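Enquirer: Here the protein sequences line up with chains A and B, keeping their order.
Going by the working numbering, the first residue of the first sequence is number 7, and it counts up by one from there.
Going by the working numbering, the first residue of the second sequence is number -12, and it counts up by one from there.
The following block contains the structure, expressed as structure tokens.
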Amino acid sequence: MSRKIEKRNPQTSTPKERWTRFYREVLTEHFIWPMVVLMVLIGAGVPGFLTAGNWLNVLWGAASLGCLALGLYFVLMTGRMDLSIESTLVFAPTIAVLFMNNWIPGLNPLLGILIALGVGALVGLFVGVLSNYANVNPFLVTLGLLLALRGLVVFLIPEGVYDVSEGFTALGRTRLGEGDIKVPVAAIVIILIFVLAYLVMRYTFFGKAISAIGNNEQATRVAGVNVNFIVVSVFVVAGVLAALGGIIEVGRLNSVDASMGEGRILLVFAAVALGGTALTGGRGRVTGVFGAVIVLSGITNLMNLVGFPTALQQVMFGVILLSAILLSSLQDSLRKRWNK
Amino acid sequence: MDVLVTAEALRKQFGLNVVVEKANIELRSGRIHGVIGKNGAGKSVLMNMIAGVFSPNGGVLTVRGSAVDNDRWDSRTATAAGIALIPQEPPRFPFLTVEDYLFLGNRKSYNFGLVNGRYRSAKIREIDEALGLDVHRNDQMVNLPIEVQQMLAFGKAVYLDEASVILLDEITASLSTVRRDALLQELTKLQKDRAIVLITHRINEVMSTCDVVTVMRDGESVKTIDVTKTSANALAREIVGDQQIDTSSVFSKRVAGETLLSVSDSNSVVLTVHRREVVGLAGLDGSGKDDVIEVAAGVSSLSNLTASLTFGSRIRSSRQAAASGVAYLPKKREEFATIQGMSVLENMVLPIARTVGSPRGLWLNRQLRPLVNPLIDSLNVSPPQPSALITSLSGGNRQKVMIGRLRLMKPDVYLLAEPTRGVDIGTKPMILETIRGVLAAKAGVVMTSESEEELVDYCDRIVVFFRGRVVKVLARGDREFTVDEIYRLSQGVTT
């Protein structure tokens, strides 16, 4: 018996071997963290970057991008795609705000938040059902929705809405605590959500089934897993997360603008890809996506601190996306070399 | 009759695995040469070597009188030497039109780089008439039936590439009866100035069409016989070889339990499975044996077949089958069973994890490891770590993991489609003994195998299929429960 236990744990190795294993693991599976370190080192020279207050701001700014990226991560893990989350980001809070201001004036803002999340879920359900049961490619379904929902928002609130109920914006606006360091609620929310996602992927059947589907959908089906249900749920989760991101963003801006988040989907893809998620499904880590969101948000923050021209920031993100693609193919070849 | 191609002691190995050794064949123009043998006998590999798809590792290949350099022999050179191989699966060019496909790589169909319409029309008409295809030049390949695609590949080789050596690798397997007869007719017409090779599983085709036949067994060409001087029965014996195993002593007859599952077609029961028995399904590819398993597993639905559980309803989906105690091992393991990016543990528990977690839905390796470890030990999976990636295991060990997965489901019926496929020779007996000793101890087992020996050694009953019908059911202890007889029956040869 003891011999068997020994056989199961062949971890007895020299420090050198352990070091090799460690850096190989980091380079092939957690490539984003060396980049986070690199960004911190570069940022160390910029006054005001490495302060607790600034980092809370980075997290605050990362909140809505993080919600979208996490939703897309789940969808990509199943080997599918969702472009519509960019429009859900603005569509869900728009409907909620219209409910509170126009349709049922005086509606409890808490109900407004629920309405927004519900709208996100419905959009996800629509995408999931259409792509799964009517066999339409989700790329096309969500491309259609991306355009349709944005158009609907422009039609509904062409001028934007500037008197949003305080209860509704609290999630994105409020800071907790006294004195110099006040913690934004959004920063707490985003961390909680990522922790939750990490636990789901690691410790639940739902999470394991998601990666199994992305790895080999046919085999997962044959193994008796309800693939249709899981895939639809994943789209619903992405919709709810996009709505949550929208609520936070509306709170931060204290208004709803019809052009909010327009074009954001590209940055979301950049974040998820930079985090090491395979666009073909089945491979990716929640921690990687989190790291990538931090890197993107941190770089934006750095550029603002040093007064980098806003027009050129777009160029910067393009360069980052290109290097992310390059790095992921580099990671693939490293993985092939080291795994024989 | 000119000798066009000679192969002497041709050898091919993949890694350390020698698949063809001592293969001899002589192809002459004016003659249809049958090549026959069981799956894995090396027929296709030999043809692929002649056609330059694989370069030989040893031996001498002579084409039109001059020996070729084995290392430089590739499909381009072979095509230039007038050798054409029509493979088992038609080439996949889904969105090419018939015209574009036929004239792919054909220089003559262009004048100074411009499409030569007159030449093309004439040739398309010629092929269409000769083979009776009734296709339009602008049809897309994907919209044509497989057999028409196959015939187009044949037509391209014969009439456009003007090959003088035509190798047909089991082309008749995917053709309908009418089309097959027409093709065989056409072959006898074409053989005048060409050498034609016909690989087939059907002895009757060899008897009716070929002039000579080469029998292959275990990677060797054992005999080349003049067809007029042999009989279907004698040929069947050559294919199986003279290994007469005394099978009745391996396992004794057992008393089976209650009926668990039955599959029937529109008018009769095709298969019944009882507790504590192993039922083998024998037959050629396309004989219907795979359909029976797939319908019972709920992965495919055929209008004429229905599978139902004794104490339950009809099986309609794979999920429902799994939930009602039917565990299925697909034939194409890598495509339909293993989840490549995941660990041994994750692969094993995937079907049951939803219900065993406590609280339900939770996935804790701590809770799952005690389920998996005893199976890893008893099946002797190597490496024995539950956290090892499934892709780091050999084919045989992956199959053990899959069998472990099925055992965890604690089913009443195991449906095993070729459980020894892609399994190394050393592991096969272990898997087969587990099937008979462990799986069939509590449940009923249905299995197929490419090897009649395995079925005779390990099954209690064998159902033999031929062209979609059950031709015979043999039980252990019957006088006819032999490899010979089963092979003959699955060939449709009756004595």
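Just so it is clear, CB atoms sit at the ideal spot from N, CA and C, and this is done for glycine as well.
Just so it is clear, the structure is predicted and the values come from calculations on it, not from any experiment.
What is the C-beta distance between Gln126 of chain B and Ala71 of chain B, in whole angstroms, given that I count them as a contact (C-beta under 8 Å)?
Expert: According to the sequence provided, residue 126 of chain B is Asp. The question's Gln does not apply to it. Their Cβ separation, rounded to whole angstroms, is 22 Å, which puts Asp126 of chain B and Ala71 of chain B out of contact at 8 Å.
Enquirer: What does the alpha-carbon distance come out to for the pair Ser261 of chain A and Ala75 of chain A?
Expert: So the two alpha carbons sit approximately 23 Å from each other.
Enquirer: Could you name each continuous alpha helix (DSSP H) segment of 4 residues or more that falls completely within the region 237 to 310 of chain A, going from the start of the chain to the end?
Expert: If we require 4 residues or more, the alpha helix (DSSP H) runs fully inside the region 237 to 310 of chain A come out as 270 to 280.
Enquirer: For His123 of chain B, count neighbouring C-beta atoms within 10 Å of its own C-beta (all shown protein chains included) and say buried if the count is 16 or more, exposed if not.
Expert: Exposed.
Enquirer: Per DSSP, Phe453 of chain B is paired with what?
Expert: B:Arg456.
Enquirer: Give the residues of chain B in contact with Gly294 of chain A, contact being defined as C-beta atoms less than 7 Å apart.
Expert: Neighbours of Gly294 of chain A on chain B: none; closest Cβ ~15 Å, over 7 Å.
Enquirer: So if DSSP puts Arg15 of chain B in a beta bridge, which residue, or which two residues, is it bridged to?
Expert: Note: Arg15 of chain B sits in a beta bridge opposite B:Val(-10).
Enquirer: On the DSSP letters alone, give me the boundaries of the beta strand (DSSP E) that Val133 of chain A sits inside.
Expert: Taken as a continuous stretch (DSSP letters only), Val133 of chain A belongs to no beta strand (DSSP E), being part of the alpha helix (DSSP H) at 115 to 139.
Enquirer: Quick check on the burial criterion: 16 or more other C-beta atoms within 10 angstroms. Buried or exposed for Ile232 of chain B?
Expert: Residue placement at Ile232 of chain B is poorly supported in this model, since its pLDDT is 46, which falls under 50; the coordinates are not used for a value here.
Enquirer: Using DSSP with H/G/I as helix, E/B as strand and the rest coil, what is Lys30 of chain B?
Expert: Reduced to three states, the DSSP call for Lys30 of chain B is helix.
Enquirer: Check the Cβ of Glu322 of chain B against every Cβ in chain A and list those closer than 9 Å, keeping chain order.
Expert: Near Glu322 of chain B (Cβ distances below 9 Å), the residues of chain A are Asn222, Gln224, Ala225.
Enquirer: Under the assumption that Ile114 of chain B contacts Gly142 of chain B (Cβ atoms under 8 Å), give the Cβ distance between them as a whole number of angstroms.
Expert: Sure, about 4 Å apart at Cβ, within 8 Å.
Enquirer: Work out the CA separation of Ala284 of chain B and Ala308 of chain B for me, nearest whole Å.
Expert: Straight-line Cα distance between these residues: approximately 6 Å.
Enquirer: Note down the Cα distance separating Phe3 of chain A from Ala68 of chain A, rounded to an integer number of angstroms.
Expert: Since the first residue shown for chain A is 7 and the last is 346, residue 3 of chain A is missing from the structure and cannot be characterised.
Enquirer: Quick check on Ile326 of chain B - is its C-beta less than 8 Å from some C-beta in chain A?
Expert: So, interface residue.
Enquirer: For Ile91 of chain A versus Gly282 of chain A, is the C-beta spacing smaller than 8 Å?
Expert: Result no, Cβ atoms of Ile91 of chain A and Gly282 of chain A do not sit closer than 8 Å.
Enquirer: Looking at Ala279 of chain A and Gly126 of chain A, is the spacing between their C-beta atoms short of 8 Å?
Expert: No, Cβ-Cβ distance for Gly126 of chain A and Ala279 of chain A is not below 8 Å.
Enquirer: Among B:Thr201, B:Asp180, B:Phe90, which residue has its Cα nearest to the Cα of Ala10 of chain B?
Expert: The shortest C-alpha separation from Ala10 of chain B is found at B:Thr201.
Enquirer: Between the Cα of Ala375 of chain B and the Cα atoms of B:Val286, B:Leu395, B:Met329, which residue gives the shortest distance?
Expert: Ranking B:Val286, B:Leu395, B:Met329 by Cα distance to Ala375 of chain B puts B:Met329 first.
Enquirer: Between Tyr204 of chain A and the rest of its own chain, which residues show a CB-CB distance below 6 Å, the 5 nearest in sequence each way excluded?
Expert: Excluding residues within five positions, the ones whose Cβ falls inside 6 Å are Val292.
Enquirer: Which of the three DSSP states, helix, strand or coil, is assigned to Ile232 of chain B?
Expert: In this prediction, Ile232 of chain B has a pLDDT of 46, which is less than 50 and means its spatial position is unreliable; nothing more can be read from the coordinates.
Enquirer: What does Ile73 of chain B pair with, by DSSP beta-bridge criteria?
Expert: Note: Ile73 of chain B sits in a beta bridge opposite B:Leu155.
Enquirer: Do Val368 of chain B and Leu332 of chain B have their CB atoms nearer than 8 Å?
Expert: No. Outside cutoff.
Enquirer: Taking C-beta to C-beta, are Ser62 of chain B and Ala28 of chain B nearer than 8 Å?
Expert: No, these two residues do not count as a Cβ contact at 8 Å.
Enquirer: How about Phe145 of chain A: is its C-beta nearer than 8 Å to some C-beta of chain B?
Expert: False, the Cβ-Cβ gap to chain B never drops below 8 Å.
Enquirer: I need the boundaries of the alpha helix (DSSP H) containing Asp278 of chain B, first residue and last residue.
Expert: Where Asp278 of chain B is concerned, the enclosing alpha helix (DSSP H) stretches over 276 to 284.
Enquirer: Can you tell me whether Arg112 of chain B is buried or exposed? The criterion is at least 16 other CB atoms within 10 Å of its CB, across all chains shown.
Expert: Looking at its Cβ environment, which holds fewer than 16 other Cβ atoms inside 10 Å, Arg112 of chain B is exposed.
Enquirer: Kindly list the residues whose CB is nearer than 6 Å to the CB of Ile302 of chain B, restricted to its own chain and excluding five residues on each side of it in sequence; keep chain order.
Expert: So the list reads Gly285, Ala294, Ala308, once near-sequence residues are dropped.
Enquirer: Which residues does DSSP list as the beta-bridge partners of Asn334 of chain B?
Expert: In the DSSP output, where bridge partners are listed per residue, Asn334 of chain B has none listed.
Enquirer: Comparing alpha-carbon positions, which option in B:Leu162, B:Phe453, B:Gly17 lies nearest Glu76 of chain B?
Expert: Residue B:Leu162 is the option with its Cα nearest to Glu76 of chain B.
Enquirer: How many angstroms separate the CA atom of Val129 of chain A from the CA atom of Ala317 of chain A?
Expert: Rounded to the nearest angstrom, the two C-alpha atoms are 33 Å apart.
Enquirer: Return the CA-CA distance between Arg347 of chain B and Glu321 of chain B, expressed in angstroms with no decimal places.
Expert: Distance between the alpha carbons of Arg347 of chain B and Glu321 of chain B: 29 Å.
Enquirer: Looking at the C-beta of Leu476 of chain B, does it have a partner C-beta in chain A at a distance below 8 Å?
Expert: Taking Cβ atoms only, chain A never reaches closer than 8 Å to Leu476 of chain B, which makes this a no.
Enquirer: Closer than 7 Å by beta-carbon distance: list the chain B residues that pair up with Ala218 of chain A, in chain order.
Expert: Here the neighbours are Ile326, Met329, Leu337.
Enquirer: Name the chain B residues whose beta carbon is nearer than 7 Å to that of Asn232 of chain A?
Expert: Correct list: Arg306.
Enquirer: What is the DSSP secondary structure of Lys210 of chain B, counted as helix, strand or coil?
Expert: Lys210 of chain B falls in the strand class under three-state DSSP.
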